DNA sequence: GAATTTTTGATGTACGTAAATCAAAAATGC
DNA sequence: GCATTTTTGATTTACGTACATCAAAAATTC
């Protein structure tokens, strides 16, 4: 049987009240007594039963998630993960609210952050757009003692407590490495389609990809980046133009969303077999394209992991606890059609 | 505030005792009353507070993990994960014991399973070796009502409740796909180094790899499989011989352990750059070789995920509950040097 | 050594559920 | 309608911790 507070009291020959004072470092305990209790804790190997403690405290963590609106499949998947975290609220003692804001809209985001602040939550998780007013809004939250975690895309120069997302420079580098190896000795330029250079994750991926491609012994020609704003129809037009103007196109790296457009353009042109396409985020659309061979490789960040990590960090910060940095790092998944996870139900 | 049993009692206009009888389906409740209570549960959206329930029950789950001995780095990593699960015992109400057995030794494993049975645990997790006596021993455990989960390598024809590991046919296929693409138009045969054909995971990987390589338009010559028994020095000799007898060797697929031998042989021969090497499991050795370029890609199964999944399934089975199949599926991770996770502390 | 402050003990209640007991009420059989 | 069985209620204790209160004891000050 594992030791309880009663056992510590007996071992240290003090009362239960004193043990409680030491455990929850309340004042009014002499150093010698405190040491006696701490020794008893160490010898018995006591570990506080967090379930019982939480029950007794009946503490709860009101959290707010701010996510971009729109039909971006990855973001909708992210929202679904937040919803399923809501379903676990009972167990995890969280109380999660979702606020939706237009994508790539800094002032709307700043407003949403202020709205979140008014609701006085324990913490806020936000998919950031980089802009001074957003940084300022995050600063106001932090000044109020509200924990802030950036999700998916980080916010440079802000006082956020943590970034729950992947290392996007490394992700870009990975995409570049794969592109190089998949293309092998083939000639032809490589095109890059981004969503928007307003968000940090897209800028980072571009940086990593360019570095990896230029690293190559035989440097490959990279076409200028085009921005599709994560919108499928816009992306489709852009890719269509690229295909027309570059008959010798060897590869396309899509570092943002709107991959439905990329897939449609490639398939309509009948060039899906000859062009090596690497994209981000596993969605029903990108999965189908990977299976059919239109997309050659997908990089992915596990939205579920990110949401769970964000919640863990927000709770810890709300309690003034530290987090284990390494434990909260999100992996960059590589998917080929051969190692696809099972289809979600 | 979320509803409690008291709220249900009030809503259904019955006593607390009756609510308890319904919730824990104890006998002695008329159908009409039961329905009334269930309606109250539904309308209030009551969710049982598992923390409080476990506290009240003070239930614990004695579990036994049976792992192979030896210096196999992956297995030692697996053991470390089990140890860190032991550290969480308090929170998860588990009581975990580890039994070690010689690797690839069916009779020793069968004995260990019987020893586990004598200790009357709630569940057993075992890295299986395929043999009739092992199947029989698992059968005895199941007959005693003890839950059994195979870990990493499955056991054909056994009555195990679940397999906590990756789809190794898919893993082999993934390795084959990568090998094909990385080799591109290059000539030369590909060698395969296995641990032992006695374990299911190695057989499955071989099957998948062969299939993927033969799938290719230009079929590539595969050399006959050699077995290194997951032993670094044995593997080193085997690879050395392969390098000598095949000057045009294009690739090596190491589907088992003992990768230190593979790395040493390649580097001593100075052929690490020209030969495409794909191996399994991320260990300190294989990580270093991936970074230096000796190994081109690593497939990995997350030992931590496997252990946690095994524990979840064993607990659920011990309580007679079912599990969500899809949730317990373990992913096949692909690592290039670009997307390596941070070094563990 | 008396007065004051600090430290410690004893005790009770609470969190939400499980589980048991015994009495009371309701339903059933004949 | 009476005896019997089944169903329900009321109440209590327990799980391990948090937190509050009040009294008692010990240490400190002057």
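Chains as they are written, first to last, in my numbering: chain A, 644 to 988; chain B, 644 to 988.
Ideal Cβ placement from N, Cα and C applies to all residues, glycine included.
None of these values were measured; they are calculated from a predicted model.
- Two segments are said to touch when three or more pairs of C-beta atoms, one from each, lie closer than 8 Å; by this definition the region 803-819 of chain A does not touch the region 868-887 of chain A.
- The beta-bridge partner set that DSSP reports for residue 896 of chain B consists of B/835 and B/921.
- Between the region 655-663 of chain B and the region 974-983 of chain A there are fewer than three C-beta pairs closer than 8 Å, too few to call the two in contact.
- Between residue 978 of chain B and chain A, the shortest Cβ-Cβ separation is below 9 Å.
- In the displayed model, residue 693 of chain A falls within a helix according to three-state DSSP.
- Distance from the Cα of residue 721 of chain B is smallest, within the candidate group B/808, B/851 and B/865, for B/808.
- Taking 9 Å as the threshold, the shortest C-beta distance from residue 813 of chain B to chain A falls below it.
- Assignment of residue 747 of chain B by DSSP, reduced to helix, strand and coil, places it in the coil class.
- In this structure, A/939 is the residue among A/931, A/756 and A/939 with its C-alpha nearest to the C-alpha of residue 895 of chain A.
- Per the Cβ contact rule, the region 954-971 of chain B is not in contact with the region 959-974 of chain A (fewer than 3 Cβ pairs under 8 Å).
- For residue 947 of chain A, the enclosing alpha helix (DSSP H) covers residues 946-961.
- One alpha carbon belongs to residue 715 of chain A, the other to residue 749 of chain A, and they sit about 18 Å apart.
- Among the bridge pairs identified by DSSP, residue 738 of chain A is matched with A/705.
- At the C-beta level, residue 791 of chain A and residue 781 of chain A come within 9 Å of one another.
- Against chain B, the beta carbon of residue 728 of chain A has no neighbour under 9 Å; the closest one sits roughly 14 Å away.
- Residue-level contact by beta carbon holds for residue 825 of chain A and chain B, with a gap shorter than 9 Å.
- Annotation for residue 943 of chain B: the continuous beta strand (DSSP E) segment containing it runs 940-943.
- Across the region 759-791 of chain A, no CB contact with chain B closer than 8 Å is found for any residue.
- The residues 770, 771, 808, 842, 843 and 844, in chain order, have a CB closer than 7 Å to that of residue 796 of chain B in the same chain once the five nearest residues on each side in sequence are set aside.
- Counting the other Cβ atoms within 10 Å of the Cβ of residue 673 of chain B gives fewer than 16, which makes it exposed.
- Residues 709, 711, 712, 751, 752 and 755 of the same chain have their beta carbon placed closer than 7 Å to that of residue 744 of chain B, with the five preceding and five following residues left out of the count.
- Taking each of B/923, B/757 and B/777 in turn and checking the Cα distance to residue 747 of chain B, the smallest one comes out for B/777.
- For residue 817 of chain B, at least one C-beta of chain A is nearer than 9 Å to its own C-beta.
- Look at residue 984 of chain A: its C-beta is under 9 Å from a C-beta on chain B.
- In the three-state reduction of the DSSP assignment, residue 879 of chain B falls in the helix class, which pools H, G and I.
- At a Cβ-Cβ threshold of 9 Å, residue 984 of chain B and residue 893 of chain B do not count as neighbours.
- The criterion of a C-beta distance shorter than 9 Å is satisfied by residue 773 of chain A and residue 798 of chain A.
- Non-local C-beta neighbours of residue 848 of chain A in its own chain, meaning closer than 6 Å and more than five positions away in sequence, comprise 811, 814, 815 and 898, ordered along the chain.
- Approximately 11 Å separates the beta-carbon atoms of residue 942 of chain A and residue 933 of chain A; this is outside 8 Å, ruling out the contact.
- Straight-line measurement puts the Cα of residue 665 of chain A at about 36 Å from the Cα of residue 730 of chain A.
- Between residue 738 of chain B and residue 706 of chain B, the beta carbon gap of about 7 Å places them in contact (Cβ cut-off 8 Å).
- Taking a C-beta cut-off of 8 Å against chain B, the contacting residues of the region 828-842 of chain A are 828, listed in chain order.
- Legend: CB atoms of the region 685-698 of chain A lying less than 9 Å from CB atoms of chain B belong to residues 690, 691, 692, 693, 694, 695, 697 and 698.
- Taking residue 925 of chain A as the centre and dropping the five residues before and after it, the same chain places the C-beta of 941, 943 and 978 closer than 7 Å to its C-beta, in chain order.
- With respect to the 9 Å criterion, residue 735 of chain B and residue 704 of chain B are classified as neighbours on the basis of their beta carbons.
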